[in-house]
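**Q** Just dropping this structure here.
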Amino acid sequence: MTVSESIADAFGGRPVWLVGATGTLGQAMARLLSQRGAILALSGRRAAELEQLAAGLPGRAIAVPVDLLDEASVNDAARSIKHRLGAAGSLVVSVSISAFGEFLELPEASFAAAMDTKYLGALRAMRAVLPDMIAQRYGRIVTLSGGSGSRPRPVHLPGGAANAALELLSRGAAMRYARDGIRVNVVAPGPIASPRMQAIVAASDAAGQGDGDRPAGQPLDVAEAVCYLLSERSNFVNGTVLKVDGGTH
Ligand SMILES: NC(=O)c1ccc[n+]([C@@H]2O[C@H](COP(=O)([O-])OP(=O)(O)OC[C@H]3O[C@@H](n4cnc5c(N)ncnc54)[C@H](OP(=O)(O)O)[C@@H]3O)[C@@H](O)[C@H]2O)c1
């Protein structure tokens, strides 16, 4: 196989839908996936940032704004991708909201919002692409959780609980659809150099719950794990939670 053939065949030759592409980790994923030959549909709520990101990538990429809180918006985005690029063969959901603070001080709405964005948002995106994946007998789904889904961080309980729920949902979907040629895996980053991690560390320190300096990974470390799980190199890896945390959890 020549290099150009292998790039054309990358990710099954099917579009990769990356939700959360405007985030720190999402941008690193977009760049790496594009370098590895992916045809990308980039999503998040910020249309101008998506357009700018798409324009700077080496491969084909389109901007598809979406709000994961809105089922109709998610289904519209999946339809738009199918119309413009063909049905998504891969889906990556890398979204978060910031709700950090003391357990008794955080409003209940923070817990609900984390679940709505991260858990139900991923559920909505998965349900929007699964019928075509089942029909094509090809699907690769990667969701992003985080170390706080298995090791509680007291200032990060809304997001941590959503991470735990998301991991269970992803593993369950992996079991359900394995026979349909679909793999669903989770990447659970530990601390990664990013504004998000700075915010979590600041909230932990303010609450007297800092855990000292821990080595932080780079966004590219996470992007490599996502790329691997979408590729054929992970052909028999399904329903796993891959920690990318440098052993700090
Ligand atoms: N950074 C870390 O150290 C770290 C550690 C552990 C786990 N993680 C996890 O890794 C993932 C990515 O982290 P990150 O640092 O890249 O986060 P980030 O920079 O805060 O990016 C968050 C992304 O979520 C998108 N988003 C939020 N609400 C949305 C909605 N309703 N609809 C569509 N998109 C929405 C944002 O896009 P728009 O603003 O354009 O809508 C943005 O692209 C998250 O799941 C996070 O919990 C990160």
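47 is the number of the first residue of the sequence shown in this note's numbering; add one for each residue after it.
We put the beta carbon where it would ideally sit given N, CA and C, even for glycine.
If you follow the alpha helix (DSSP H) that I180 is in, where does it begin and where does it stop?
**A** Where I180 is concerned, the enclosing alpha helix (DSSP H) stretches over 167 to 182.
**Q** By how many angstroms is the C-alpha of D122 removed from the C-alpha of H129?
**A** Approximately 10 Å between the Cα atoms of the pair.
**Q** Report the three-state DSSP secondary structure of L103 (helix, strand or coil).
**A** Note: L103 maps to coil in three-state DSSP.
**Q** Counting Cβ pairs, one atom from each stretch, are 3 or more of them under 8 Å apart for the region 87 to 106 and the region 68 to 75?
**A** Counting Cβ pairs under 8 Å, three or more are found: they touch.
**Q** Any idea if V62 is buried or exposed, counting beta-carbon neighbours within 10 angstroms, 16 or more meaning buried?
**A** Result: buried.
**Q** Determine which residues share a DSSP beta bridge with N284 and list them.
**A** For N284, which the question treats as bridged, DSSP gives no partner whatsoever.
**Q** Any chance the CB of I238 is under 6 Å from a heavy atom of ligand 1?
**A** Under cutoff, so the answer is yes.
**Q** Can you determine whether any heavy atom of ligand 1 sits closer than 6 Å to the C-beta of R242, and answer yes or no?
**A** At least one heavy atom of ligand 1 is nearer than 6 Å to the Cβ of R242, so yes.
**Q** Would A171 and V233 qualify as a contact pair, given that the criterion is a beta-carbon distance under 7 Å?
**A** Contact: no.
**Q** So is the beta-carbon of L212 under 6 Å away from any non-hydrogen atom of ligand 1?
**A** For ligand 1, not one heavy atom lies less than 6 Å from the Cβ of L212.
**Q** Less than 7 Å between the C-beta atoms of L275 and N209, yes or no?
**A** The answer is no: Cβ separation not under 7 Å.
**Q** Would you check if the distance between the CB atom of V272 and the CB atom of V188 is smaller than 7 Å?
**A** Yes. Within cutoff.
**Q** I'd like the list of long-range same chain contacts for D267, defined as Cβ closer than 6 Å, with 5 residues on each side in sequence excluded.
**A** Only V290 meet the Cβ criterion.
**Q** Express the C-alpha separation of G292 and P261 in angstroms, rounding to a whole number.
**A** Each residue's Cα considered, the two are about 7 Å apart.
**Q** So for M47, helix, strand or coil by DSSP?
**A** Per-residue confidence for M47 stands at a pLDDT of 45, beneath the threshold of 50, marking its modelled position as unreliable; no derived number is given.
**Q** Where do the ends of the alpha helix (DSSP H) carrying P265 lie?
**A** Per DSSP, P265 belongs to the alpha helix (DSSP H) from 265 to 276.
**Q** My output table needs one value for T189: the three-state DSSP class, helix, strand or coil.
**A** In the structure shown, T189 sits in a strand (DSSP, three-state: E or B).
**Q** Given 8 Å as the limit, is there contact between the region 197 to 212 and the region 179 to 186, that is, 3 or more CB pairs closer than that?
**A** Taking 8 Å as the limit for Cβ pairs, the verdict is that the region 179 to 186 does not touch the region 197 to 212.
**Q** Where does E148 land, buried or exposed, given buried means 16+ other C-beta within 10 angstroms?
**A** Its Cβ having fewer than 16 others within 10 Å, E148 is exposed.
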